[in-house]
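Novice:
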Amino acid sequence: MPMTDYQAEARPGWLASLFGGSFNVVVGALAMLFTLGVFGTAAWDAYLSNSKDKSGVKRIIAKRWNERTLVFPIEGADKAGRRALFDVVVLTKDYGWVRGSTTELEKYDRRLSPADIQAEVLAPQLRQGLGSARGLISVGLASQEGAIEREEQRGGLRAVRIAQWVQEALGDDIPMWTLNLGRYVEPCIECEDADTSWQRPFIVIAVRKADDGTHISEALADAMSDTINLPSPDRYSTFAFSKFTK
191 MPMTDYQAEA
201 RPGWLASLFG
211 GSFNVVVGAL
221 AMLFTLGVFG
231 TAAWDAYLSN
241 SKDKSGVKRI
251 IAKRWNERTL
261 VFPIEGADKA
271 GRRALFDVVV
281 LTKDYGWVRG
291 STTELEKYDR
301 RLSPADIQAE
311 VLAPQLRQGL
321 GSARGLISVG
331 LASQEGAIER
341 EEQRGGLRAV
351 RIAQWVQEAL
361 GDDIPMWTLN
371 LGRYVEPCIE
381 CEDADTSWQR
391 PFIVIAVRKA
401 DDGTHISEAL
411 ADAMSDTINL
421 PSPDRYSTFA
431 FSKFTK
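When the letters of the sequence shown are read in order and numbered with my numbering, they come out as residues 191 to 436.
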């Protein structure tokens with residue numbers, strides 16, 4: 191039904207009587223909220239477009255817990271659509287596994303003692319950040335040298351060693367899993383050099399939130415996939431996820 195002239199004129203008067211003298215202020219505020227909403231949506235779309243290239247590969251923006259530790263927040267879903275949030279905690283490239291070792295880390299060419307690992311690697315900021323997690327996942331992986339079967343075994347042993355270090359620092363109250371990614375299998379011709387330490391970093395993943403019944407390994411695989419600056423599962427030889435027990 192068309193609106194009569196009386197109805198068109200009476201409706202603003204009714205609103206004005208409801209809000210009193212603040213009617214114009216209310217209208218202005220609503221207009222501002224609408225503008226901010228549109229701007230916010232556009233800004234978020236711009237952020238998403240900047241964090242992905244045209245192929246859909248994601249670049250995760252990191253934060254820092256200290257000068258040695260980068261934290262990458264990621265989110266993924268299992269096959270049933272249940273979602274989980276994770277923090278991927280990675281030591282900077284100065285630190286990594288000694289080549290061929292499953293028990294030793296190094297900083298540059300200096301091998302770290304057990305005391306160094308507790309003081310430098312598992313520093314107070316890292317312990318505090320991991321200590322609030324709902325669950326922890328220690329990640330083992332190996333660089334491109336060597337046969338895949340042998341390197342997958344090495345990755346598994348590294349994951350177990352990290353879990354042991356973390357539980358020594360935090361205790362065993364937080365559920366712990368291991369993730370063995372195996373050997374790096376997709377060398378980048380344009381970025382490859384003689385140093386492959388970046389393919390075997392020290393990584394612990396904190397489970398921050400998860401929907402009830404979430405299949406954690408599926409959600410994590412989804413979250414890590416197609417990432418350009420994290421160990422995407424498609425660049426390693428396996429994805430072996432298991433509960434850690436002493």
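Built from N, CA and C at the ideal position, the CB exists for glycine as well.
Tell me the DSSP secondary structure of residue 415 in three-state form.
Specialist: Within the sequence shown, numbered from 1, the residue matching residue 415 stands at position 225. Correct three-state label for residue 415: coil.
Novice: Checking the sheet assignment: what are the DSSP bridge partners for residue 367?
Specialist: Within the sequence shown, the letter at position 177 stands for residue 367. Looking at the DSSP assignment, residue 367 forms a beta bridge with 327 and 433.
Novice: Between the beta-carbon of residue 391 and the beta-carbon of residue 281, is there less than 8 Å?
Specialist: Position 201 of the sequence shown, counted from the start, is the residue given in the question as residue 391. Position 91 of the sequence shown, counted from the start, is the residue given in the question as residue 281. Cβ distance < 8 Å, so residue 391 and residue 281 count as in contact.
Novice: Between the stretch 414–427 and the stretch 244–258, can you find at least three pairs of beta-carbon atoms closer than 8 Å?
Specialist: Yes: the two stretches touch, three or more of their Cβ pairs being nearer than 8 Å.
Novice: Whose C-beta lies closer than 6 Å to the C-beta of residue 357 among residues of the same chain, with five residues either side of it excluded?
Specialist: Here residue 357 refers to the residue found at position 167 when the sequence shown is read from its first residue. Closer than 6 Å at the Cβ level, and outside the excluded window around residue 357, lies no residue.
Novice: Could you tell me the boundaries of the alpha helix (DSSP H) in which residue 263 lies?
Specialist: In the sequence shown, residue 263 corresponds to position 73, counting from 1. No alpha helix (DSSP H) contains residue 263, which is instead part of the beta strand (DSSP E) from 259–267.
Novice: CB residue 406 to CB residue 278, shorter than 8 Å?
Specialist: To locate residue 406, count along the sequence shown from 1; it is residue 216. To locate residue 278, count along the sequence shown from 1; it is residue 88. Not a contact, by the Cβ cut-off of 8 Å.
Novice: When you compare the CB positions of residue 271 and residue 412, do they come within less than 8 Å of one another, or not?
Specialist: Translated into positions along the sequence shown, residue 271 becomes position 81. Translated into positions along the sequence shown, residue 412 becomes position 222. No, they are not a contact pair.
Novice: Output the distance between the C-alpha atoms of residue 351 and residue 315, rounded to the nearest integer angstrom.
Specialist: Within the sequence shown, residue 351 is the residue found at index 161, counting from 1. Within the sequence shown, residue 315 is the residue found at index 125, counting from 1. The straight-line gap from Cα to Cα measures roughly 20 Å.
Novice: Spell out whether any CB of chain D is found under 8 Å from the CB atom of residue 272.
Specialist: This model lacks chain D altogether, as it is built from one protein chain only.
Novice: Kindly indicate which residue of 403, 295, 252 and 360 has the alpha-carbon position closest to the one of residue 322.
Specialist: Against the sequence shown, residue 322 aligns to sequence position 132. It is 360.
Novice: With DSSP collapsed to three states, give me the class of residue 232.
Specialist: Locating residue 232 in the sequence shown gives position 42, counting from the first residue. Here residue 232 scores only 36 on pLDDT, less than 50, and its place in the model is too uncertain to base an answer on.
Novice: Rounded to the nearest angstrom, what separates residue 239 and residue 305 at their Cα positions?
Specialist: Counting from 1 along the sequence shown, the entry for residue 239 is found at position 49. Counting from 1 along the sequence shown, the entry for residue 305 is found at position 115. Bear in mind that a pLDDT of 33 at residue 239, under 50, signals an unreliable position, so the number given afterwards is only what the model happens to contain. If you take the alpha carbons of residue 239 and residue 305, they lie about 44 Å apart.
Novice: Which value, in whole angstroms, describes the spacing of the CA atoms of residue 431 and residue 299?
Specialist: Position 241 of the sequence shown, counted from the start, is the residue given in the question as residue 431. Position 109 of the sequence shown, counted from the start, is the residue given in the question as residue 299. So the alpha carbons of these two residues sit roughly 31 Å apart.
Novice: Taking the alpha carbon of residue 332 as the point to measure from, which residue in 389, 313 and 295 has its own alpha carbon closest?
Specialist: As a position in the sequence shown, residue 332 is number 142, starting the count at 1. Here the closest residue by C-alpha is 389.
Novice: Between the alpha carbons of residue 324 and residue 334, how many angstroms are there, rounded?
Specialist: As a position in the sequence shown, residue 324 is number 134, starting the count at 1. As a position in the sequence shown, residue 334 is number 144, starting the count at 1. Those two C-alpha atoms are separated by around 33 Å.
Novice: Could you tell me how far apart the beta carbons of residue 319 and residue 367 are, in whole angstroms, since I believe they sit closer than 8 Å?
Specialist: Position 129 of the sequence shown, counting from 1, holds the residue named residue 319. Position 177 of the sequence shown, counting from 1, holds the residue named residue 367. In fact, because the Cβ distance is near 18 Å, the residues do not count as touching under 8 Å.
Novice: Given this structure, state the Cα-to-Cα distance separating residue 275 from residue 339, to the nearest angstrom.
Specialist: The residue given as residue 275 occupies position 85 in the sequence shown. The residue given as residue 339 occupies position 149 in the sequence shown. For residue 275 and residue 339, the distance between alpha carbons rounds to 31 Å.
Novice: Going residue by residue through the stretch 265–344, where are the continuous beta strand (DSSP E) segments of at least 3 residues, counting only ones entirely within it?
Specialist: Here the runs fully enclosed are 273–281, 285–287, 295–297 and 325–332.
Novice: Please list the terminal residues of the continuous beta strand (DSSP E) segment that includes residue 397.
Specialist: Position 207 of the sequence shown, counting from 1, holds the residue named residue 397. Start and end: 393–400.
Novice: Consult DSSP for residue 346 and reduce its assignment to one of helix, strand or coil.
Specialist: If you number the sequence shown from 1, residue 346 lands on position 156. Three-state result, residue 346: helix.
Novice: Counting along the chain, where does the beta strand (DSSP E) carrying residue 253 start and finish?
Specialist: For the purposes of this step, residue 253 is identified with residue 63 of the sequence shown, where counting begins at 1. 253–256 is the extent of the beta strand (DSSP E) around residue 253.
Novice: Helix, strand or coil for residue 373, going by three-state DSSP, please let me know.
Specialist: The count along the sequence shown starts at 1 and reaches residue 373 at position 183. DSSP places residue 373 in strand when its eight states are reduced to three.
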